[in-house]
Each structure stands twice: as C-alpha cells, then as structure tokens.
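S.K.:
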Amino acid sequence: MTSLYNNSGLAAESASRLERALAEQALGSGDYEGAWDNMIQVLELLGAQPPSQDFDVMFVDTSLELAKISFVLGKGFSELIGHLNKALEAADRLGNQRARAMINLHLGRLYYFGEQRHLAMEVFAKGKAEAEALGDEDIMANASELIGLYFFIQGLIPEAMGYFEEAARGFEFADQGHSGPMWLSYCAAFLGQYHRAIGTLDFYRRLAIDRKDHSLATTLRAVLGIFLVRLKKHREAAYHLSGALQESIQSQNSLAGYFSSGGLAFHHMMEGRLDESRKWMTKTMEVGDKAGLIHQYASPFVLEILFTFHTGGIAPIPGFNFESECQRILNEPNIHLQGVALRLRAMEAMGKNLESMREIEADLVQSERLLERSGDPVQLGKTHIAMARLKLTQGDPASARRYAQRAWKGFSGYGDVFYPDDLLGLLSETSGLAPQDFVREDLLEMFGAMIQDLVPSDNLDELLQRTISATNRFFGAERGGIFWFKAGASGKSPELRAACNLFKSDVDSMAFRSSLSLVFKTYRENQPQVVRNPDGASLHSQVRAMIGVPFEVEGEVKGVLYHDNSYVNDCFDRFVPAQLARMAGSLSRYIGHVLQFSRKMEEKTSGWLSRMGRLDEKEIIAKDKAMLTVLDQADRIAGTDSTVLILGETGVGKELLARRIHGGSVRSEHPLVVVDPTTIPESLVESELFGHEKGAFTGADRQKAGRIELAHNGTLFIDEVGEIPLSIQVKLLRALQEKTITRVGGAKTISCNFRLIAATNRSLADEVAQGRFREDLYYRLNVIPILLPPLRERGRDVLELARHMLARFAGKYNRHDLELSKENVASLLAYSWPGNVREMENMMERAVLLAVDDQLALNLPASLSSRAASNPFEGNPSLEEVQRRYIAYILEKTNGKISGQGGAAEILGMKRTSLYNRMKKLGMR
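Be aware that the sequence shown starts at 1, since it is given in the UniProt record's numbering, and climbs by one per residue.
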C-alpha cells in the first residue's frame, strides 16, 4: 500500500491522512481489523519520514488509538511496543505531557503481558505519576483502566476495583476503556462476588454485541466460561468456552483464544480429565507465544492446574511446570498469586512429608497474610482449609475447627462449591447447626448492617442506586432492579428507578415477562417471592432463579426489589420467607426515613424550583435509528454525574436533549438552569454565570446569585458554550474542578454542587487549534460527547415530526380539518431543513395560521445554494423571509460560524448578540 501511494505521487502526509480517515471509518462501522490495518499503514508511512510537528501529532494520536485496538483484538503486542516507544519520543518533542503519561501506561501493560514484569512496574509507575500530576477528570478517566491494571498485577484487588469500575463506566457511557469490564469482572470474582462477576460479563457482553464490538464480546465470553468452571457449572462453561474458541479463530482474536483454551484446560482438570487438560494447556501456551502473551495469567486457576499435574503424576509442560512457576511468582510483585503459590507449596510438602511442620506452617501463615491484603476471601478460605488440615495433623482439633469456620464464612455464600465434604463435621461440632444454618443465623444481621452502611443521601434515586448495587452483592445475584409503583397505578408497568446490570430495554423485552409477573405478584401480595426454574436452565442465559422483595413507604407498598440469576437455580434458597419479610421491613424503614428527609430538603428548595420552572414536557419525537441510538445513549448517561457535551447544528434540539438528560438524572428534583451566552453582552457573561456582590461595578446595586450558584444540586446547561470569552473560560474550568465559585467583587468561596451539560454548534477542537478556546476546558467538557444528527439525516422522522407539529398547532388554533397532502409529504422530504427542527416548528405554525379551507400551504423554499445562484427573490418572499434566506445563506458560507473573524456577524455588519436575537426572532434559533 505504501509503494502504491508513492507511485501515485501522493505525499506521505496526504497518504497518512487518507489511511487515518479510512481507519476512523472502519471504527465507526465496528471493523476493528480494518482499522488496525489502516493504522499500521499510517505508522509505517510516518515512521519513514523525518520528524515534523504535524507528523509527530499524527504519529502519537495513531499509536495511542492502535494500542487500544490491539488489546481489543488481542494481536500485535510485540509490534506495538516499537511504535509506542517512537511515539514517546514524538510526545517529548511536542511537549505533550498527556500523551506521554498514556503512552507509558500502555507500555506498562504491554511489558506485563510480554513477561517483562519488573520493567512493566517501573513504566506503569511512571505513567501513573504523570497522569496524577496532570490530575484533571479527562486524563484520569482515560487512564483508569491502565492504572487499575497497575494495582491488579500487584495483587491489590480492592484498589484495582475502583479504577476498573470507572473504566467500565467509561465503556458503557462513552465507548472508552474497552477492557475495563473484563478486569472489573476479574476483581469481582477475586473479591468473592462471583455472581456479580458473571452479571458484569453478561451485561457488557450484550452491550459489546449491540455495538458490533464482536472481538470484545468474544473475550468476555471466554472469561465468563472460566468463572462458570470455577462455580462448577461445567455444562454451561463448556458451551461458552467452546463457542468463544470458535469465535476467536474466526476473528483471529489471540487474546480470546488464549483465555478460552486456558479455560478449557481448567474445565477438563476440574472434571478429572488430566491428560486432556494438559493438551489444552499446551495449546494455550502455543497461542500465547504467538501473540506475545508469554506465560501471562491473572487467575490462580493456572497455578492450581500445574499443581494438579505435578501431584497427579502428569508429565510437566516443558518450560512451564509447577516448581518453576512458583519460584517465578515468589520473585515478582503479585501478592495475590504469591499467597496461592505459598499455600500450594505447603500442601505439596504436607503430602510428601518432606518439610518440617514449622516451615509448612510458616508458608501458610505468610499465605494468609498476603491473601488478606489482596482481598480474595475464597483463596484465603482455601488457605484456612489447609491450616485446618495441618492442625488436625498436629493433633489440635480446636484450632482446626476455628480455621474451618473461618473458611466457611470466607467463601462468601459459596461454601457448597469450595468447602471440602470431609471437613463438614468441623462446622457442626461447636454450634450444633448444619452448615446451611451456620450461614443463615447471621444473614439478618448482615443485611441490617449493609443497609445502615449505605452512604446517606437526601436524594431518593441516588439512595436506590446504591441500594440495588449493595443488595445485588448481598443476594449473590447477577442483576437486579428496584421497581417503583406510582400511586393508583397497580395495573400499569412500574418504573425501573435503579438497576444493576439491567437495561430498560431488557425490562421491555418479551424475555422479561416472567420476571415482570413476579414483580407484580410481589407488589400485589406484599409478600417476598422466590422462584426456581430447574428445568428452564438454558445455555442461552434464561433466568433460572428470581427473587422479589416488597418494600413499603408510609404504610403503603411502593416498590419491589428484584434480583435474578441465569446460571444457578438455588442461589436464593438460603433466604427463608421469615428472613426475607424482616429484610423487607428493614429496607422499608430506611427508605421511609430517607424519603421524609428528602421531602424536607425539597421544601427548602421549592422557592428555587418555582423560580426556575419545571421541565418542559415537550417530547422528543424519533423513530430514526441514528436518533434512537442518541436517545438511548442520553438515557444511559442520565443517571451518572458526568459532564456531557451535546454537539449539533443550530435548531436540532440540543436544549431539549439536555432537559431529557436532566429529567432522567438523580438531580431531576432540583433546578435545570439554562444560560445562553449568545443572548448576553460579552461584558456581562461573567456576572451572569458567577453572580456579583452589591457595588462590584457600576449598576450593581444589589447582590445577585449567578446561574452556577442557582444550579446547586441541579444541572447547569450552557448553550453555545463556545461563545464564552477566553478570559472567563478559566473561571468556568476552576468551578468545574473545585465545585466552588466566587461572585464578581466578592471574596467568599461558595460551594456549588452542579452537573454541567454544554452544547455547541462548533467544532471545539478547531476552536482550540485556532486559540479561541482553552484546551484544558475542552478536555473537561468532552467527557461524554453526544452528536445530534441534523433533521435532513433523520429520514422518515421528518414526517413524524411534521404530523406531530401539525396536530399540536391544529389543536391550538382549532383547525382539526387540516392534514398533510401527498404534495406536502413530497415537499417535506425533499427540503434540506437548514434550520432543522426549529425551522419546521415555525414553518408548521405559520402554515396552520395561513391555511385556507382544508388546504395546508407549506411554501417551502428551494435549496439555499440553488436559490442564491438563480433568483433569491423567487416566489415574491416577504421581507422577513428574505432576511431569513440571506442569513441562512451566509451561515452556509461560513459553515455555521457566527462570531470572530470571517464569521456571519462580521460579514453582516452586526454585533454577535444582535445577530442571535435577529435569528431568534426569525425562528432560526
């Protein structure tokens, strides 16, 4: 391809930009393989040229993007190291500290997977320090997955968990951090939350499939199979592992192939087929060697396989045996794997009686200490089992019982999976209880403690979200939801107020009907319900077990706590009805108290709400697939507190989308404060945003709270954020970072807890390049960008909107005889709608008002370009229409640019605010 470019006479820069554009196009269609090939071409083309600023910028950006894609595809790791090291040099030449931090973090991951673990730790630490020194939300969000891996490879699972949760949110809401969900599931499993791990994998796998990210979906499926093996769900595990292996071969996904073949080795080992297990483990190492994943594994099951081979008389795999792996791990920084290796070494010694009891006990004590620090209760429980056996050998049954009981509790409700049958007697000897009762006696106390430990909040939705996450872990469920019934709406579908691994689209699907029936039954009978479906067990993730727990508010059943599991049908059996009823009572009291507190806070802020007004109930009409995707993304991010940047042309409905996001957020009971800098004189923008003290400037005869201050606990929507003057952008950035402001002329720092939604019809990246917008503020705003398509790209939505507006205005002006004719439909579909939805709204209202008899005259103009080239006065337009046409023509010429040099305001000889006001009057804004 490179030679083809040279032969065609294209310069390296042009060729590189063409390849990068092809890569972006491939990414947009989900073709990661194609994007990978194009980006390799870019790097080869640029790498052969002398350094220049433009080449360095493109090389750095492409290298970082390729690093993400390579891990999604599971390929090209060795090749990528060379490119990233060149990118590091380019970043130094550019002085780009952000890129340098990310490159070092990516290199750390590659060195780790390439078995250069000490170098990995050094480079990881450097990249982490560089990212933390920059410290803004954007860099920390982008780095979260890689910083999480830095802690993960040290075996510090709780520390890693927080970063991977952030990375998984980035993937869910902004399509970033593609490996975050996989690492998050590993952390959940290593913390003993296996059903959360499975629910996480299932949730993000479905999301990846929806996004056509099939490589990631295959990798997640392989990891799902591994966890099912761990839970002894062998039939389901074999189904997913075999399926993932076939998918990995078809897509050439080495990482997924590595995981799935290793999982099959684990599966055969757990089933007792050691020779077959050895064959699959050998294949796993071959796959890993080709991909540069030399002897890399994160899970203790690999060591357990090698231990079983070693003690079971199976010939060791050359260069990969139990003794050499133990020695390597004990010399590396992963305390999680070290704890496992020490226990297995002690167990080997106990079996052979080759070591003194003191040395065996020392290994187990050290294993216990390391596993406590790593946070893995299951592996810690296994060490306690080994301790119990040692104490029995030493003739100390009392100590053996204590270790056995600690192991059972540590298995986090999975005692039937991990606890050995031959030691069950140690559990009942002291308490006189069966193992099941040994667990049940503490369940109520645990549930009460969990509810009380929830971080208090005066916001009910925020509390419900925390509650569902906590109860999902407590019940050992894969997913769950809190369903809220409105007063007098018992026959209507309840509202999903909070969810864990459950989409609203799941609730609306046919597959959820039996679950919804359980929710209704629980609500109507006001009794906990547990349903098992042993025969409905399926390889296709059908629900096997469901639980519903009602809760009351002020003596009335208000909602249902719902959880389910797709792989285990007895997971809720340990909860007897009496316990569930008492748990429901605890939950009801807690939610009732918080609701009362929330209402008191509501009364205090009612003045603000009345001043700012409630949300506009105007509906967003959409059936077009692209628009529905945008709305789905908006609904998903609504429940988060992330900054949102809405992009799109004038009139596409950016404020309406902002209202929808606010309405679906935990801040919806607080104000949505709208500020449009285009309607404010530049000299007053600072005062309008931040407020002012009395006497701060001429005319400031009273104290005034700014828009940011009024948005406290609510949402601030800044329309046309690109119009904020540079001098004020730094203050807005500080307010975003610190959540505090100081009024103009004041000295007092005021706390303002607000969420920011910004909108613009400009390319802020271009504005940054031209020096008209701060780069650091751009990074803070561009956390979750949403692009609203123009009306001309929304297909049949044009007719849906037109009919909706016609019905609204016909009802308003009592013209119910009006309807769209075939000619009207043809005109609507042919028109380009430069003013988008707002133009249509004004046009339809005018058409209704001017309609004669039942004839609707739309009088749509021809396209702007053709009109300007022929006769701009065609059709004898009114003076108002001439102004509208000419302003639209100028905007088309300036690509929507209004202010600044070469903008529409300069060409028209108008002030920026005057032009905006004229456009608003003409129905163009």
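Glycine included, each C-beta is placed from N, C-alpha and C at the ideal position.
If we call anything under 9 Å between Cβ atoms a contact, is Thr715 one with Ser642?
M.R.: No; because the gap between Cβ atoms is not below 9 Å, this pair is not in contact.
S.K.: By the 10 Å Cβ neighbour count, where 16 or more other Cβ atoms means buried, how is Gly909 classified, buried or exposed?
M.R.: Under this definition Gly909 is an exposed residue.
S.K.: Whose CA, out of Gly663, Leu224 and Leu245, lies closest to the CA of Ser237?
M.R.: Reading the sequence as shown, one finds Ala at residue 237 and not Ser. Looking at the Cα atoms, Leu224 is the closest of the given residues.
S.K.: Give every residue of the same chain whose Cβ lies closer than 8 Å to the Cβ of Lys623, excluding the five residues on either side of it in the sequence, and list them in chain order.
M.R.: So the qualifying residues of the chain are Arg796, Asp797 and Glu800.
S.K.: Would you kindly work out how many angstroms separate the C-alpha atoms of Ser277 and Phe320, rounded to a whole number?
M.R.: Going by the C-alpha atoms only, they are around 14 Å apart.
S.K.: Using the Cα positions of Gln883 and Ala131, report the straight-line distance between them to the nearest angstrom.
M.R.: Their backbone Cα atoms lie some 51 Å apart in a straight line.
S.K.: Across which residues does DSSP place Ala705 in a beta bridge pair?
M.R.: Paired residue(s): Gly691.
S.K.: When DSSP labels each residue in this structure, what does Asp564 get in the three-state scheme?
M.R.: Correct three-state label for Asp564: strand.
S.K.: Whole-angstrom Cβ separation of Leu64 and His106, contact assumed at under 8 Å?
M.R.: Yes, Leu64 and His106 are in contact; Cβ-Cβ is about 7 Å, under 8 Å.
S.K.: Which one of Glu372, Glu348 and Thr629 has the shortest CA to CA distance from Cys326?
M.R.: It is Glu348.
S.K.: How big is the Cα-Cα spacing for Leu156 and Ile147?
M.R.: Going from the Cα of Leu156 to the Cα of Ile147 covers about 12 Å.
S.K.: What's the gap between the Cα of Thr393 and the Cα of Gly192?
M.R.: Going by the C-alpha atoms only, they are around 29 Å apart.
S.K.: Could you tell me whether the Cβ atoms of Arg93 and Gln53 are closer together than 9 Å?
M.R.: A contact, by the Cβ cut-off of 9 Å.
S.K.: For Arg815, name the three-state secondary structure that DSSP assigns.
M.R.: If DSSP states are grouped into helix, strand and coil, Arg815 belongs with coil.
S.K.: Measure the alpha-carbon distance for His195 versus Ala735 and round it to whole angstroms.
M.R.: Each residue's Cα considered, the two are about 40 Å apart.
S.K.: Report buried or exposed for residue 976, applying the criterion of at least 16 other Cβ atoms within 10 angstroms of its Cβ.
M.R.: The question about residue 976 has no answer, for the chain in this structure spans 1 to 925.
S.K.: From what residue to what residue does the alpha helix (DSSP H) around Glu767 run?
M.R.: Leu764 to Ala769 is the extent of the alpha helix (DSSP H) around Glu767.
S.K.: Would Ile898 and Arg912 qualify as a contact pair, given that the criterion is a beta-carbon distance under 9 Å?
M.R.: Yes; because the gap between Cβ atoms is below 9 Å, this pair is in contact.
S.K.: Could you tell me the boundaries of the beta strand (DSSP E) in which Ile305 lies?
M.R.: Where Ile305 is concerned, there is no enclosing beta strand (DSSP E), although the alpha helix (DSSP H) it sits in stretches over Phe301 to Thr311.
S.K.: Please determine, among Ser299, Pro877 and Leu781, the residue with the shortest C-alpha to C-alpha distance to Gly262.
M.R.: Gly262 has its Cα closest to that of Ser299, out of Ser299, Pro877 and Leu781.
S.K.: Let's test the definition: count the other Cβ atoms within 10 Å of the Cβ of Val852 and tell me whether it reaches 16, buried, or not, exposed.
M.R.: Burial call: exposed.
S.K.: For a cutoff of 9 Å on Cβ pairs, would you count Ala133 as touching chain C?
M.R.: No chain C is part of this structure, which consists of one protein chain only.
S.K.: Could you say which of Pro318, Tyr258 and Thr471 lies nearest to Lys290 if we only look at CA atoms?
M.R.: When only C-alpha atoms are compared, the closest one is Tyr258.
S.K.: Does DSSP put residue 927 in a helix, in a strand, or in coil?
M.R.: Because the chain in this structure spans residues 1 to 925, residue 927 falls outside the shown range and cannot be described.
S.K.: Ordered along the chain, which non-local residues of its own chain (more than five positions away) have a Cβ less than 7 Å from that of Ala810?
M.R.: His816, Leu818 and Val848, listed in sequence order.
S.K.: Within 10 Å of its beta-carbon, does Gln855 have 16 or more other beta-carbons around it, so buried, or fewer, so exposed?
M.R.: Answer is exposed; the Cβ neighbour count stays below 16.
S.K.: Give the secondary structure of Leu539 by DSSP, where H, G and I count as helix, E and B as strand, and everything else as coil.
M.R.: For Leu539, the pLDDT reaches just 47, beneath the cut-off of 50, and the residue's location in the model is therefore unreliable, although a value from the coordinates is still provided. Of the three classes helix, strand and coil, the one that applies to Leu539 here is coil, per DSSP.
S.K.: According to DSSP, simplified to helix, strand and coil, what is Cys500?
M.R.: In this structure, Cys500 counts as strand in the three-state DSSP scheme.
S.K.: Can you give the Cα-Cα distance for Asn814 and Arg659, rounded to whole angstroms?
M.R.: Asn814 and Arg659: Cα-Cα distance of roughly 29 Å.
S.K.: Give the single residue among Ala167, Glu304 and Pro681 whose Cα lies nearest to the Cα of Leu68.
M.R.: Strictly speaking, residue 68 in this sequence is Lys, with Leu absent from that position. The shortest C-alpha separation from Lys68 is found at Ala167.
S.K.: Counting along the chain, where does the alpha helix (DSSP H) carrying Leu66 start and finish?
M.R.: Segment Gln53 to Leu73, the alpha helix (DSSP H) holding Leu66.
S.K.: Who are the Cβ neighbours of Glu723 in its own chain at under 7 Å, not counting the five residues just before and after it?
M.R.: The residues are Pro677, Thr678 and Ser899.
S.K.: Are the segment 399-417 and the segment 205-213 touching, with three or more C-beta to C-beta distances below 8 Å?
M.R.: No, the segment 399-417 does not touch the segment 205-213.
S.K.: Alpha carbons only, please: which of Trp183, Arg235, Ser668 and Gln252 is nearest the one belonging to Leu220?
M.R.: Leu220 has its Cα closest to that of Trp183, out of Trp183, Arg235, Ser668 and Gln252.
S.K.: Determine the DSSP secondary structure at residue 943, reduced to helix, strand or coil.
M.R.: A query on residue 943 cannot be resolved here, the shown segment of the chain reaching from 1 to 925 and no further.
S.K.: Here's a check: name, in chain order, each residue in its chain whose Cβ is nearer than 8 Å to the Cβ of Ser144, leaving out the five neighbours to either side.
M.R.: Result list for Ser144: Tyr163, Phe164, Glu166, Ala167, Gly170, Gly177 and Gly180, in chain order.
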